[in-house]
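Student:
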Amino acid sequence: MAIGKNKRTSKGKKGGKKKVTDVFTKKEWYDLKAPKMFAVTNFGKTLVTKTIGKKLATDGLKGRIYEMNLADLNNDQDQAHKKIKLCCDHIINKDCYTDFYGLSITRDKLCSLIRKGFTLIEGHTDVKTLDNYHLRMFCIAFTKRKENQVKTTCYAQTSHIKKIRKKMVDIMNSEARKVLLKDLVQKFIPESIGKEIEKQCKKIFPLQNVLIRKVKILKRPKLDIAKLMDLHTETKEDEGKNIKSLPESKEATNILTAELKH
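Following this note's numbering, the numbering of the sequence shown begins with 1 at its first residue and continues without gaps.
(1) For the beta strand (DSSP E) that R107 lies in, which residues bound it at each end?
(2) Candidates K167, K45 and C88: which alpha carbon is nearest G60's?
(3) Taking the straight line between their C-alpha atoms, what separation do you get for N75 and F38?
(4) By a C-beta neighbour count over all protein chains shown, 10 Å radius and 16 as the cutoff for buried, is D99 buried or exposed?
(5) How many whole angstroms separate the CB atoms of A34 and L70, which I take to be in contact at a CB cut-off of 8 Å?
(6) Is it a yes or a no for the segment 109-121 touching the segment 182-193, going by three-plus beta-carbon pairs under 8 Å?
(7) Would you call the CB atoms of C201 and K146 closer than 9 Å?
(8) Measuring only the C-alpha atoms, how far is D22 from F43?
(9) Taking all protein chains shown into account, do 16 or more other C-beta atoms lie within 10 angstroms of the C-beta of R177, making it buried, or fewer, making it exposed?
(10) With K33 as the anchor, note down where its beta strand (DSSP E) starts and where it stops.
(11) Check for me: the beta strand (DSSP E) holding E198 runs from which residue to which?
(12) Taking the beta carbon of T257 as the centre, do at least 16 other beta carbons fall within 10 Å, making it buried, or is it exposed?
(13) Where does N42 fall in DSSP's three states?
(14) Are G194 and C139 touching if we call contact CB-CB under 9 Å?
(15) Taking the continuous beta strand (DSSP E) assigned at E122, which residues delimit it?
(16) What would DSSP say about F100, mapped onto helix, strand or coil?
(17) Which residue comes first and which comes last in the alpha helix (DSSP H) that contains I171?
(18) Is DSSP giving A141 helix, strand or coil here?
(19) Would you list the residues sitting across from T49 in a DSSP beta bridge?
(20) Just how far apart, CA to CA, sit A141 and M68?
(21) In whole angstroms, give me the CA-to-CA distance for M137 and I225.
(22) Report yes if the CB atom of H134 is closer than 9 Å to the CB atom of L223, and no otherwise.
(23) Beta-carbon within less than 6 Å of K85's beta-carbon, same chain only, minus the 5 sequence neighbours each way: which residues are those?
(24) If the criterion is Cβ atoms closer than 9 Å, does the pair I114 and L207 meet it?
(25) In chain order, what residues of the same chain have a beta carbon less than 7 Å from the beta carbon of R220, not counting five sequence neighbours either side?
(26) Excluding the 5 residues preceding and the 5 following G240 in the sequence, name in chain order all residues of the same chain whose CB lies nearer than 8 Å to its CB.
(27) Taking the beta carbon of F24 as the centre, do at least 16 other beta carbons fall within 10 Å, making it buried, or is it exposed?
(28) Would you mind reading off the limits of the alpha helix (DSSP H) that contains L181?
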């Protein structure tokens, strides 16, 4: 054998075992903060790779979208058919501060609404809020039987559908243009826009189950950290509202009535 031909003899065994390392040792946890418009502000934790060299952990977190059920955010099971999207915009220490990014209705809720004998009417429009958020709103509605109706079906005519769809778009535009995004989100939760559409369309054709089916954010203004932090910090007015909403304890007594008894 010629010297130097078999090069593998000097390099050891081929395909040696690789060192097994735990992936989670390179990760760290961050807390997720929801805006104060929701009852639960700390809604979870998220995982990200630790800062290595010039690659910062915060860069991997900014822009992440989190989808949560509204029932978990508000501690109300009646709102379980809605899902809220929150976007991570700013990080301080180990806290990720999020902002509203979208809304949708769960599939099972939509499937439960669709039935034979009724007309489904949908409408959508692009709106702009006072704080320059561009949204696309989708609305859904179903026809309703009139009082003392004998006929089993209640299909709307094409002329009625067009009028209702136009009224939907007009109401969504008027409701969104005159408020800030945070105020608009508070209208989505109790379905005040859907109730207004149902009320105004009653003269055209009676409706039921009128919902804002989906909300998408098309364009957002430049990030203002001061405005974002205002969404997460409670003001004196908010604290006053929370104090008023707290139930009075059973042990609490009126001082004047207590003195009179003695």
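Beta carbons: idealized from backbone N, C-alpha and C, even for Gly.
Tutor: Taking the structure as given:
(1) Taking the sequence shown and counting its residues from 1, the one referred to as residue 107 is at position 107. Taken as a continuous stretch (DSSP letters only), R107 belongs to no beta strand (DSSP E), being part of the alpha helix (DSSP H) at R107 to L113.
(2) Taking the first residue of the sequence shown as 1, we reach residue 60 at position 60. Out of K167, K45 and C88, C88 has the C-alpha closest to the C-alpha of G60.
(3) Indexing the sequence shown from 1 puts residue 75 at position 75. Indexing the sequence shown from 1 puts residue 38 at position 38. Cα-Cα distance, rounded: 9 Å.
(4) Taking the first residue of the sequence shown as position 1, residue 99 is located at position 99. So D99 counts as buried.
(5) Numbered from its first residue, the sequence shown carries residue 34 at position 34. Numbered from its first residue, the sequence shown carries residue 70 at position 70. With a Cβ gap of about 11 Å, A34 and L70 do not count as contacting.
(6) no
(7) Locating residue 201 in the sequence shown gives position 201, counting from the first residue. Locating residue 146 in the sequence shown gives position 146, counting from the first residue. Contact flag unset, no.
(8) On the sequence shown, residue 22 is found 22 positions in, with the first residue counted as 1. On the sequence shown, residue 43 is found 43 positions in, with the first residue counted as 1. Roughly 27 Å separates the two Cα atoms.
(9) Here the question's residue 177 lines up with position 177 in the sequence shown. So R177 ends up on the exposed side.
(10) Along the sequence shown, read from residue 1 onward, the residue named residue 33 stands at position 33. Residues K27 to K33.
(11) Along the sequence shown, one-based indexing puts residue 198 at 198. Unbroken run through E198 is the alpha helix (DSSP H), S192 to Q200; no beta strand (DSSP E).
(12) Taking the sequence shown and counting its residues from 1, one reaches residue 257 at position 257. Low confidence applies to T257: its pLDDT is 49, below 50, so where it sits in the model is not reliable, and the reading given next is rough at best. The residue is exposed, with fewer than 16 neighbouring Cβ atoms inside 10 Å.
(13) As a working mapping, residue 42 is identified with position 42 in the sequence shown. Here N42 sits in strand by DSSP.
(14) Here residue 194 refers to the residue found at position 194 when the sequence shown is read from its first residue. Here residue 139 refers to the residue found at position 139 when the sequence shown is read from its first residue. Yes, these two residues count as a Cβ contact at 9 Å.
(15) Against the sequence shown, residue 122 aligns to sequence position 122. It spans L120 to K128 - the beta strand (DSSP E) in which E122 sits, taken as one unbroken run.
(16) Here residue 100 corresponds to residue number 100 of the sequence shown, with the count starting at 1. Reduced to three states, the DSSP call for F100 is strand.
(17) Position 171 of the sequence shown holds residue 171. Where I171 is concerned, the enclosing alpha helix (DSSP H) stretches over T158 to R177.
(18) Position 141 of the sequence shown, counted from the first residue, corresponds to residue 141. The answer is strand: DSSP assigns A141 an E or B state.
(19) In the sequence shown, residue 49 corresponds to position 49, counting from 1. Paired residues: K27.
(20) For this step, residue 141 is matched to residue 141 along the sequence shown. For this step, residue 68 is matched to residue 68 along the sequence shown. Taking the straight line joining both Cα atoms gives about 24 Å.
(21) Translated into positions along the sequence shown, residue 137 becomes position 137. Translated into positions along the sequence shown, residue 225 becomes position 225. Using only the alpha carbons, I get a separation of about 26 Å.
(22) On the sequence shown, residue 134 is found 134 positions in, with the first residue counted as 1. On the sequence shown, residue 223 is found 223 positions in, with the first residue counted as 1. Their beta carbons are not under 9 Å apart, which means H134 does not touch L223 by this criterion.
(23) On the sequence shown, residue 85 is found 85 positions in, with the first residue counted as 1. These residues qualify, in order along the chain: I65, E67, Y101 and G102.
(24) Stepping through the sequence shown from its first residue, residue 114 is reached at position 114. Stepping through the sequence shown from its first residue, residue 207 is reached at position 207. Contact: no.
(25) The sequence position of residue 220 within the sequence shown is 220, counting from 1. Cβ within range, chain order: Y133.
(26) Mapped onto the sequence shown, residue 240 falls at position 240. For G240, the predicted model reports a pLDDT of 49, less than 50, meaning its position is unreliable; a value from the coordinates is still stated below. Contacts found: none.
(27) Your numbering for residue 24 matches position 24 in the sequence shown. When all chains shown are included, F24 counts as exposed.
(28) Here residue 181 corresponds to residue number 181 of the sequence shown, with the count starting at 1. Looking at the DSSP string, the run of the alpha helix (DSSP H) that includes L181 is L181 to F188.
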